[in-house]
Amino acid sequence: MNTRRGLVLAVLLVTLAVAGGLASAGDRGVGGSTTAAADKGVTAVNAAAVAPAGERPGGCSVIDRRMDLYAVELPKDPVTNQIRLGYGLTPQTASYPGPLIEMIEGQCLAITLHNQVPQATLEQLRLDPNHPIGVSLHTHGVKYTQMSDGTVHSNSFVPPGGSRTYIWYAQPRNTNTGAQGTAGYWWYHDHVVGGPHGTPGIRSGLFGGLVVRRQGDPRPDRTYVLAFGDRQTINLRRSSEADTCDEQNPVPGPTCVVAKLGEKVEFLVIGIGDDMHTFHVHGHSWADTRTGVIEGTGALANSIPIIDNKTVGPGDTFGARVIAGESVGPGHWMLHCHMQFHSDLGMSTTFHVLDENGAMTAHAGHAPANPVQAAPAGGGQDAPAHGNHG
Amino acid sequence: MNTRRGLVLAVLLVTLAVAGGLASAGDRGVGGSTTAAADKGVTAVNAAAVAPAGERPGGCSVIDRRMDLYAVELPKDPVTNQIRLGYGLTPQTASYPGPLIEMIEGQCLAITLHNQVPQATLEQLRLDPNHPIGVSLHTHGVKYTQMSDGTVHSNSFVPPGGSRTYIWYAQPRNTNTGAQGTAGYWWYHDHVVGGPHGTPGIRSGLFGGLVVRRQGDPRPDRTYVLAFGDRQTINLRRSSEADTCDEQNPVPGPTCVVAKLGEKVEFLVIGIGDDMHTFHVHGHSWADTRTGVIEGTGALANSIPIIDNKTVGPGDTFGARVIAGESVGPGHWMLHCHMQFHSDLGMSTTFHVLDENGAMTAHAGHAPANPVQAAPAGGGQDAPAHGNHG
Amino acid sequence: MNTRRGLVLAVLLVTLAVAGGLASAGDRGVGGSTTAAADKGVTAVNAAAVAPAGERPGGCSVIDRRMDLYAVELPKDPVTNQIRLGYGLTPQTASYPGPLIEMIEGQCLAITLHNQVPQATLEQLRLDPNHPIGVSLHTHGVKYTQMSDGTVHSNSFVPPGGSRTYIWYAQPRNTNTGAQGTAGYWWYHDHVVGGPHGTPGIRSGLFGGLVVRRQGDPRPDRTYVLAFGDRQTINLRRSSEADTCDEQNPVPGPTCVVAKLGEKVEFLVIGIGDDMHTFHVHGHSWADTRTGVIEGTGALANSIPIIDNKTVGPGDTFGARVIAGESVGPGHWMLHCHMQFHSDLGMSTTFHVLDENGAMTAHAGHAPANPVQAAPAGGGQDAPAHGNHG
Chain A
261 MNTRRGLVLA VLLVTLAVAG GLASAGDRGV GGSTTAAADK GVTAVNAAAV APAGERPGGC
321 SVIDRRMDLY AVELPKDPVT NQIRLGYGLT PQTASYPGPL IEMIEGQCLA ITLHNQVPQA
381 TLEQLRLDPN HPIGVSLHTH GVKYTQMSDG TVHSNSFVPP GGSRTYIWYA QPRNTNTGAQ
441 GTAGYWWYHD HVVGGPHGTP GIRSGLFGGL VVRRQGDPRP DRTYVLAFGD RQTINLRRSS
501 EADTCDEQNP VPGPTCVVAK LGEKVEFLVI GIGDDMHTFH VHGHSWADTR TGVIEGTGAL
561 ANSIPIIDNK TVGPGDTFGA RVIAGESVGP GHWMLHCHMQ FHSDLGMSTT FHVLDENGAM
621 TAHAGHAPAN PVQAAPAGGG QDAPAHGNHG
Chain B
261 MNTRRGLVLA VLLVTLAVAG GLASAGDRGV GGSTTAAADK GVTAVNAAAV APAGERPGGC
321 SVIDRRMDLY AVELPKDPVT NQIRLGYGLT PQTASYPGPL IEMIEGQCLA ITLHNQVPQA
381 TLEQLRLDPN HPIGVSLHTH GVKYTQMSDG TVHSNSFVPP GGSRTYIWYA QPRNTNTGAQ
441 GTAGYWWYHD HVVGGPHGTP GIRSGLFGGL VVRRQGDPRP DRTYVLAFGD RQTINLRRSS
501 EADTCDEQNP VPGPTCVVAK LGEKVEFLVI GIGDDMHTFH VHGHSWADTR TGVIEGTGAL
561 ANSIPIIDNK TVGPGDTFGA RVIAGESVGP GHWMLHCHMQ FHSDLGMSTT FHVLDENGAM
621 TAHAGHAPAN PVQAAPAGGG QDAPAHGNHG
Chain C
261 MNTRRGLVLA VLLVTLAVAG GLASAGDRGV GGSTTAAADK GVTAVNAAAV APAGERPGGC
321 SVIDRRMDLY AVELPKDPVT NQIRLGYGLT PQTASYPGPL IEMIEGQCLA ITLHNQVPQA
381 TLEQLRLDPN HPIGVSLHTH GVKYTQMSDG TVHSNSFVPP GGSRTYIWYA QPRNTNTGAQ
441 GTAGYWWYHD HVVGGPHGTP GIRSGLFGGL VVRRQGDPRP DRTYVLAFGD RQTINLRRSS
501 EADTCDEQNP VPGPTCVVAK LGEKVEFLVI GIGDDMHTFH VHGHSWADTR TGVIEGTGAL
561 ANSIPIIDNK TVGPGDTFGA RVIAGESVGP GHWMLHCHMQ FHSDLGMSTT FHVLDENGAM
621 TAHAGHAPAN PVQAAPAGGG QDAPAHGNHG
């Protein structure tokens, strides 16, 4: 069908268009790129052959794309000594957040999840000794049947050493059928590790960003996934752990948010855990729309809010799209939770905007010195919580 | 006036159009329907004659509709032993949440509230022994004068054994006058029981949903009112109490959220109490608009966010409109607060999507087993957080 | 340039158009007006000559307007005995919140901040004895370079006795360049006092409202800045301190929210501190848009939510625009946080709507009696919430 072919072509264009151009070209700032997955297509098809197959949701007549995702155990958190798990396109590249997955409306994606987390680790994370042992993949925004729900009751999870194929359908907007479309900024996460809502799995690192684009959507130069979570963390880190950029040679990643002047940057902001947060970035603002920009003109376009601070609760996601340094110039722009005691405890990082040549300008001073975190093993300083903030 | 007549006609059409078709036909899933109120119109007029009459807000020249509402004491909560109150179209059908009230813009509704809650119960709920004893009806979204505010300072509440008529005007949008309209998803609640903000009244169950529709709005097949509140509750219940659906013979109601494949379902989500929550449903999403759908086309329609998770604070309300099982099929779809410790403590229910014939498909597994709630009498296990703000 | 001249003219029209007409004509309800600043232009230019000059952000080719802002120490809070600081257009008129600053898109504003807060007071507010001593001006929404960021790391703060000029550019929407515009409801605040996020500065009172208008935006008759913050406060006050209106002779201000029937009133709602809140006003509602009203018609205009309750987290700001008493009439309309224990503890004030003659109607009863706050010195009863959910 012509339309379907057009979509697939567009997907290929996406992966080319987003190739970055900083110190580490080709890395879009999040621990991996789905371009890699496309290269691994053949292998993935084989893996799917042995994995229990998910059902296709209505409208997904053909699988357009396949990829593998590995759930593995990572080294413990260097500050809190907590268990860390991660999803990766390969076991070696697993990270928290996991790889950014990009889709385009119309696409049907089969993801084979391989659970390589040791059984003993999963047992240790259980809230209840009768809870089953496994890892899953639950996603927001796109369409999937109960077989790809990633929950215990639907039996759609993966025991240690096993694998399972989940099918996601980025259902397109269709004004004839009333389908509203699935384009948006979403996230995927475990829903099984440790309890029926995957709380210990998410807390350990089993989450990542999903962006579904619509044909014609503006394309970013860089995407950063920023999960605002418990213990005043961004991507599970805080204080000096949250910003590890080397000023001389910044390598974009979950703890190094950097762009050159004029680059189009999108932040995929995710709320995780038990707490409310507000996402704020200095010097930059975005439109409170699906795409983060205002498209169109007229009275209604005129009335769309432009914001620079947004409440994000657990499970909420949105895209904040900015042009790096536009009007305001290069510099070390603070990016933090505006809940004051959260930022004071280190829930803050920096959006480093380099000049056109990729150098940090001298006059902008030094990056903010985040307080060094005094963190007892096994927990860390938690929210003094609305307690005594007199 | 022609326009007014057109509106009244439309209201009658509403009550016909929303008649459901599941096991218990005619019940739209919320403990009662305003259709019943229409039948009781004559009685209501008599009652109003003896009740102190509210003032009509500007624009409400004629009362289009009358109904009675009874505030009664219900059996104590079976788990926590807390006092439970409810509003009902009759004393026998009172429930928490109270009956869904539907209006259409242009309509003027007179509601006579009869306070049948025993004086001793109201005294027991007081936070302050000098606070007056009574029950009231305060609403959101529509227009009312101070006489229908339902507050202590305006003396617009009802002592035990008394009655009072409140007048609500669903002011229409009028681009000439600049009136913005009152169509939306709202709630009504007590504002007097126990304290000047009705906190103990709301906590005991004195709240319900109000939907104001605009002519031309899409009509749902079913409406469920879901109040997200303290102690990790949905409609004041959690864990197994929150989902009491009988799989063989589901009866739609506040603790049984069920629909057939393809039915248009709207969730009226209400935040109550002292806490923040996030509303999430698996497999389904909605537009972040007044109606929950995207109407129109073009660049702006294209930029409206589609979401499947939304922050709701106390007093916030919104409509999440979905097509049951669309693309994703029948199944037991989890519906929960995404604040992880809330869902882990049982703030979770199930959106049961039956097949076209009204049967639960076999392959979808069993409904999620909510943890059985270990609940000490007189309180129950509270949030380890948000501790003792009773 | 013609366009620029048109903008400047429009600014002058703004300041004329918003002159109020209540008991204290000319006061728009917030401790000062930028009209005063315009009168002081010549002085401000001189002051700027001796203050370190900020950089101009891109697009700001000429400074259109200059003003002075003084940071001073005010008398301690009468209830809690906490330190109070304020910004003022003069040292004598400093207040919390500080003066409302209004801009129009296209305008470039230079503000010279004079730090008159005693060094000993700033030392007392430090969270860390190594933190530098100073006061700053950080703003939301508009454009500024690192030199006007108001942060420690950019060295853009003011030591005691010093002054510094900050430059803000209300970048206009430009559909050619893709600039999205800066029109909106924002706030400005200290970012340095006591710690790297200015938490003790904000908590003491160093914040104020900023409104950026777009040409053609609807103009209000009155603007009230309402900061919802910690300890269940509105503008740092609660209970009887939050509503000090004299019914016979109301003087609009941060603790007296009053208007005549039919006046266009905008509430600039700001979230500050460590906690979530929900803003609710009785009898009135607004559109959830940039301007608080719906402009335009058609299916999309039709789908914009009208709300009367909105979640506001720290750093969030929005404009709630209402017509005083429209349809509902004069009266004492409650305005409160709908988080129940917040309102019960006194996070509530009154929107006093007078009749056309500026008198309070008799039938509306008395203003709500806020509970008298039993407040121990140095703290007050804090939220017992958000305890131990680690």
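Residue numbers (the working numbering), protein chains in the order written: chain A, 261 to 650; chain B, 261 to 650; chain C, 261 to 650.
Glycine included, every Cβ here is placed at the ideal spot set by N, Cα and C.
Do three or more CB pairs link the region 586–597 of chain C to the region 605–616 of chain C at distances below 8 Å? yes
Leaving out five residues before and five after Gln440 of chain B in sequence, what residues of the same chain have Cβ atoms less than 7 Å from its Cβ? Within the second sequence, the letter at position 180 stands for residue 440 of chain B. Cβ neighbours of Gln440 of chain B beyond the five flanking positions: Arg433.
Under a three-way DSSP split, which group does Ser587 of chain C fall into? Within the third sequence, the letter at position 327 stands for residue 587 of chain C. Reduced to three states, the DSSP call for Ser587 of chain C is coil.
Looking at chain B, is there any beta carbon in it that lies within less than 8 Å of the beta carbon of Glu523 of chain A? Stepping through the first sequence from its first residue, residue 523 of chain A is reached at position 263. Not one chain B Cβ lies under 8 Å of Glu523 of chain A.
Between which residues of its own chain and His598 of chain C is the CB-CB distance below 7 Å, once the five residues before and five after are set aside? Stepping through the third sequence from its first residue, residue 598 of chain C is reached at position 338. So the list reads Thr538, His540 and Asn569, once near-sequence residues are dropped.
Cutting at 7 Å between CB atoms, please list the residues of its own chain near His457 of chain B, excluding the five before and the five after it. As a first step, residue 457 of chain B must be located in the second sequence, where it is residue number 197. Closer than 7 Å at the Cβ level, and outside the excluded window around His457 of chain B, lie His451.
Could you tell me whether any Cβ in chain B is nearer than 8 Å to the Cβ of Asp328 of chain C? Numbered from 1 along the third sequence, position 68 holds the residue referred to as residue 328 of chain C. Cβ-Cβ to chain B under 8 Å: no for Asp328 of chain C.
Selection from A:Ala561, A:Met607 and A:Asp328 that minimises the alpha carbon distance to Arg424 of chain A: Here residue 424 of chain A refers to the residue found at position 164 of the first sequence. When only C-alpha atoms are compared, the closest one is A:Asp328.
Unbroken beta strand (DSSP E) run spanning Asp328 of chain C, endpoints: By 1-based counting over the third sequence, the position of residue 328 of chain C is 68. Looking at the DSSP string, the run of the beta strand (DSSP E) that includes Asp328 of chain C is Arg325 to Leu334.
Compute the distance between the beta-carbons of Leu466 of chain C and Tyr347 of chain C, then report whether it is under 8 Å. Here residue 466 of chain C refers to the residue found at position 206 when the third sequence is read from its first residue. Here residue 347 of chain C refers to the residue found at position 87 when the third sequence is read from its first residue. Cβ distance < 8 Å, so Leu466 of chain C and Tyr347 of chain C count as in contact.
For the region 543–606 of chain C, which segments carrying the beta strand (DSSP E) assignment without a break, of at least 3 residues, lie completely within its bounds, in sequence order? 569–572, 577–583 and 591–597
Leu369 of chain C (DSSP reduced to helix, strand or coil): If you number the third sequence from 1, residue 369 of chain C lands on position 109. Three-state result, Leu369 of chain C: strand.
Given this structure, state the Cα-to-Cα distance separating Ala559 of chain C from Gly558 of chain B, to the nearest angstrom. Translated into the one-based positions of the third sequence, residue 559 of chain C becomes position 299. Translated into the one-based positions of the second sequence, residue 558 of chain B becomes position 298. Cα to Cα, the separation comes out at about 11 Å.
Compute the distance between the beta-carbons of Asn562 of chain B and Glu365 of chain A, then report whether it is under 8 Å. The residue you call residue 562 of chain B lines up with position 302 of the second sequence. The residue you call residue 365 of chain A lines up with position 105 of the first sequence. Going by C-beta atoms, Asn562 of chain B is not nearer than 8 Å to Glu365 of chain A.
Selection of the region 365–398 of chain A by Cβ proximity to chain B, strictly under 9 Å: Leu387, Asp388 and His398
Under a three-way DSSP split, which group does Gly286 of chain A fall into? Position 26 of the first sequence, counted from the first residue, corresponds to residue 286 of chain A. Interpretation of Gly286 of chain A is limited by its pLDDT of 32, a score under 50 that renders its predicted location unreliable; the figure taken from the coordinates is listed afterwards. Gly286 of chain A: coil per DSSP, three-state reduction.
Of the choices B:Phe601, B:Met607 and B:Leu595, whose alpha-carbon is the least far from that of Leu387 of chain A? By one-based count along the first sequence, residue 387 of chain A stands at place 127. Ranking B:Phe601, B:Met607 and B:Leu595 by Cα distance to Leu387 of chain A puts B:Phe601 first.
Any beta carbon from chain C within less than 8 Å of Val541 of chain A's own beta carbon? The count along the first sequence starts at 1 and reaches residue 541 of chain A at position 281. No, no contact with chain C.
With DSSP run on the structure shown, which of helix, strand or coil describes Ile530 of chain A? Counted from its first residue, the first sequence places residue 530 of chain A at position 270. In the structure shown, Ile530 of chain A adopts extended strand secondary structure according to DSSP, grouped into three states.
Going along the chain, which residues of its own chain have a beta-carbon closer than 8 Å to the beta-carbon of Gly455 of chain C, five neighbours each way excluded? On the third sequence, position 195 is the one that residue 455 of chain C refers to. Only Arg386, Leu387, Asp388 and His391 meet the Cβ criterion.
Start and end of the alpha helix (DSSP H) containing Ile462 of chain C? For the purposes of this step, residue 462 of chain C is identified with residue 202 of the third sequence, where counting begins at 1. That run of the alpha helix (DSSP H) goes Thr459 to Ser464.
Can you tell me which of the three DSSP states Gly394 of chain A falls into? Taking the first sequence and counting its residues from 1, the one referred to as residue 394 of chain A is at position 134. In the structure shown, Gly394 of chain A sits in coil (DSSP, three-state: anything other than H, G, I, E or B).
Would Ala430 of chain A and Val485 of chain A qualify as a contact pair, given that the criterion is a beta-carbon distance under 8 Å? Stepping through the first sequence from its first residue, residue 430 of chain A is reached at position 170. Stepping through the first sequence from its first residue, residue 485 of chain A is reached at position 225. Not closer than 8 Å, so no.
Is Glu501 of chain A near Thr515 of chain A, with beta carbons less than 8 Å apart? Reading the first sequence from its first residue, position 241 is the one you call residue 501 of chain A. Reading the first sequence from its first residue, position 255 is the one you call residue 515 of chain A. Result yes, Cβ atoms of Glu501 of chain A and Thr515 of chain A sit closer than 8 Å.
Select from the region 547–570 of chain C all residues with a C-beta closer than 8 Å to any C-beta belonging to chain B, and list them in chain order. Ala547, Val553, Ile554, Thr557, Gly558, Ala559, Leu560, Asn562, Ser563, Ile564, Pro565, Ile566, Ile567, Asp568, Asn569 and Lys570
Since Ser396 of chain C and Trp428 of chain C should fall inside the 8 Å C-beta cutoff, what is the C-beta to C-beta distance between them, to a whole number of angstroms? One-based indexing of the third sequence puts residue 396 of chain C at position 136. One-based indexing of the third sequence puts residue 428 of chain C at position 168. About 13 Å separates the two Cβ atoms, so there is no contact after all.
What's the call for Arg474 of chain B, buried or exposed, on a 16-neighbour Cβ count within 10 Å? For the purposes of this step, residue 474 of chain B is identified with residue 214 of the second sequence, where counting begins at 1. Classification for Arg474 of chain B: buried.
Test item: CB-CB of Leu605 of chain C and Arg463 of chain C under 8 Å: Position 345 of the third sequence, counted from the start, is the residue given in the question as residue 605 of chain C. Position 203 of the third sequence, counted from the start, is the residue given in the question as residue 463 of chain C. No Cβ-Cβ contact shorter than 8 Å links Leu605 of chain C with Arg463 of chain C.
Please identify, using Cβ separations under 7 Å, the residues of the region 527–541 of chain B that lie next to chain C, in order along the chain. Gly533, Asp534 and Met536
Reduced DSSP secondary structure (H/G/I, E/B, other) of Ala430 of chain B: Along the second sequence, read from residue 1 onward, the residue named residue 430 of chain B stands at position 170. Note: Ala430 of chain B maps to coil in three-state DSSP.
Cβ of His592 of chain B within 8 Å of any chain A Cβ: Against the second sequence, residue 592 of chain B aligns to sequence position 332. Closer than 8 Å to some Cβ of chain A, the Cβ of His592 of chain B qualifies, so yes.
Is there a Cβ from chain B that is less than 8 Å from the Cβ of His413 of chain A? Walking along the first sequence from the start, residue 413 of chain A turns up at place 153. So yes, His413 of chain A belongs to the interface.
Own chain residues within Cβ distance below 7 Å of Ala354 of chain B, not counting five before or after: Within the second sequence, numbered from 1, the residue matching residue 354 of chain B stands at position 94. Tyr330, Val332, Leu334, Gly346, Tyr347 and Gly348, listed in sequence order.
By the criterion of Cβ-Cβ separation under 9 Å, what are the contact partners of Phe611 of chain C in chain B? Locating residue 611 of chain C in the third sequence gives position 351, counting from the first residue. Within 9 Å Cβ-Cβ: nothing; Phe611 of chain C doesn't reach chain B, min ~12 Å.
By Cβ distance below 6 Å, which residues in the same chain neighbour Gly410 of chain B in space, the five residues on each side in sequence not counted? Taking the first residue of the second sequence as position 1, residue 410 of chain B is located at position 150. Excluding positions up to five away in sequence, the list reads Ser396, Leu397, His398, Ser416 and His451.
What in chain C is Cβ-close to Asp604 of chain A, meaning under 8 Å? As a working mapping, residue 604 of chain A is identified with position 344 in the first sequence. Neighbours of Asp604 of chain A on chain C, chain order: Leu387, Gly455, Pro456, His457 and Thr459.
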